[in-house]
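Engineer: The structure is given below, and queries will be raised subsequently.
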Amino acid sequence: MLYDAVKPFLFKLDAERVHEEMSGLMALAAPVPGAEKVLSILTGSGGKGLSKSVFGVNFPNPVGLAAGFDKDGKLISVLPGLGFGFLEIGSVTLEPQPGNAKPRLFRLVGEGAVINRLGFNSEGARAVALRLSMSPPPSVPLGINLGLNKGTDAKDAPKKYAQTFKLLRKFGDYFVVNVSSPNTPGLRDLQTATNLADILSTLQDANPDHKPVLVKLSPDLADADLTACVASAAKSAQGFVVSNTTIQHEGEPGGLSGRPLKVRATELLRKVRAMTALPLIGVGGIATPEDAKERLDAGADLIQLYTGLVYGGPSTIKRITRGLS
Ligand SMILES: Cc1cc2nc3c(=O)[nH]c(=O)nc-3n(C[C@H](O)[C@H](O)[C@H](O)COP(=O)(O)O)c2cc1C
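Quick note on numbering: our numbering labels position 256 of the sequence shown as 410, and the sequence is numbered without any gaps.
See below:
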């Protein structure tokens, strides 16, 4: 209710600035003992009896934070207080980079959607690794999403993903190879059978602990490309994240997320489910308990959201887990 009252004011301000101010407040609270607990009390009770084990990791509930919200892993000690069953940080690139010119994040309020063209603003893998090494592990499983620096040559992609992974591997419970963000030129071209096979084999050579590695897919893949890509990746990945944002929309260039992505992301999940028995994380347009149930029924083992949180506020996750219970 409080969020509904402040939302009209927040939505008058620049979208990225609001995200930064909110994240800044949470980051300030992060080192304070008990901050997670306070956030948890403020956002009420979540659902019970939802724990499950997926790719060998135990999740207290299946509703996670999607990549892009906490790119540098600054909030992992407080965000579980919102009721998440897991967090995915990133995308993290090997070298630090600022991302695209601002403004680069836009709300489509009437549609419950966001368009972003952030372009992997990242502190880089060494800085993120240092931060993670200094903070206790979060109270829920942690996924780390791996991106590529702008201008990386396709032939260097396997090596760069593997180097990024090596710096971060001891901190994550699972990893995601992001070959589907629309805001890094050439990145999505890596979603071919041969490119993915190269990337995954190089990464698995650097993975002696057998941490689960998932591939995040674009909703804009043509059916034939999707089939080839899933068949190839399924040989050496432990699952898929379905899906990233879509470029098929009007208005500002960038990736569209939120409500208009829901049907498309659900369809893609059903298609991928029909192709593989591997674990799937369903993401795209989930905002309500009904959306969550629909995605799990469509074959997702776990689900994530980002844009639903922008519109629904900090109680969104617990509303969803209560509904699922
Ligand atoms: C502002 C913003 C930044 C994002 N950054 C990333 C990212 O760095 N890496 C990634 O894999 N996905 C990123 N995403 C995509 C989300 O993880 C998710 O796949 C997509 O937004 C669909 O989910 P949603 O409709 O619940 O937002 C970003 C999304 C938004 C809105």
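Glycine is no exception: its CB is placed at the ideal position from the N, C-alpha and C atoms.
Within the continuous beta strand (DSSP E) that includes Q358, where are the two ends?
Structural biologist: Where Q358 is concerned, there is no enclosing beta strand (DSSP E), although the alpha helix (DSSP H) it sits in stretches over A347 to D359.
Engineer: State the CB to CB distance for the pair G273 and T338, rounded to an integer number of angstroms; the pair is presumed to be in contact (CB under 8 Å).
Structural biologist: Confirmed, Cβ separation roughly 6 Å.
Engineer: How big is the Cα-Cα spacing for T430 and I471?
Structural biologist: C-alpha separation (whole angstroms): 28 Å.
Engineer: Quick check on the burial criterion: 16 or more other C-beta atoms within 10 angstroms. Buried or exposed for A360?
Structural biologist: A360 is exposed by the Cβ-count criterion.
Engineer: Where does I243 sit, in a helix, a strand or coil, going by DSSP?
Structural biologist: I243: strand per DSSP, three-state reduction.
Engineer: With burial defined as no fewer than 16 other Cβ atoms inside 10 Å of the residue's Cβ, what is the status of D307: buried or exposed?
Structural biologist: Classification for D307: exposed.
Engineer: Can you tell me whether F213 is buried or exposed? The criterion is at least 16 other CB atoms within 10 Å of its CB, across all chains shown.
Structural biologist: F213 should be labelled buried.
Engineer: Can you check whether the CB of L341 is closer than 8 Å to the CB of L302?
Structural biologist: Taking 8 Å as the Cβ cut-off, L302 and L341 qualify as a contacting pair.
Engineer: Any heavy atom of ligand 1 within a distance shorter than 7 Å of the CB on F260?
Structural biologist: Result no, Cβ not under 7 Å from ligand 1.
Engineer: Just to check, is the beta-carbon of N270 closer than 7 Å to a non-hydrogen atom of ligand 2?
Structural biologist: Annotation note on ligand 2: not contained in the displayed structure, which lists ligand 1 as its ligands.
Engineer: In whole angstroms, give me the CA-to-CA distance for E249 and L322.
Structural biologist: Whole-angstrom Cα-Cα distance: 13 Å.
Engineer: Kindly indicate which three-state DSSP category R261 falls into: helix, strand or coil?
Structural biologist: Strand.
Engineer: Under the three-state reduction of DSSP, which class applies to G340: helix, strand or coil?
Structural biologist: Reduced to three states, the DSSP call for G340 is coil.
Engineer: Output the distance between the C-alpha atoms of A382 and A347, rounded to the nearest integer angstrom.
Structural biologist: C-alpha separation (whole angstroms): 6 Å.
Engineer: Restricting to Cα atoms, I'd like to know which of F319, Q402 and A376 is closest to H364.
Structural biologist: Considering only alpha carbons, the answer is F319.
Engineer: Assign I474 to one of three DSSP states: helix, strand, or coil.
Structural biologist: Three-state DSSP puts I474 in a helix.
Engineer: Tell me where the beta strand (DSSP E) around K370 begins and ends.
Structural biologist: Here the beta strand (DSSP E) through K370 covers V367 to L371.
Engineer: Answer with buried or exposed for M288, where buried requires no fewer than 16 other C-beta atoms within 10 angstroms of its C-beta.
Structural biologist: The residue in question, M288, is exposed, as its Cβ has fewer than 16 Cβ neighbours within 10 Å.
Engineer: Closer than 7 Å: is that where the CB of K256 sits relative to any heavy atom of ligand 1?
Structural biologist: No - ligand 1 has no heavy atom lying nearer than 7 Å to the Cβ of K256.
Engineer: Would you kindly work out how many angstroms separate the C-alpha atoms of E190 and A184, rounded to a whole number?
Structural biologist: Rounded to whole angstroms, E190 to A184 spans 8 Å at the Cα level.
Engineer: Closest by CA to V232, which one among V211, R271 and M176?
Structural biologist: Taking only the C-alpha atoms, the option nearest V232 is M176.
Engineer: Quick check: does the Cβ of I440 come within less than 7 Å of any heavy atom belonging to ligand 1?
Structural biologist: I440: yes, Cβ under 7 Å from ligand 1.
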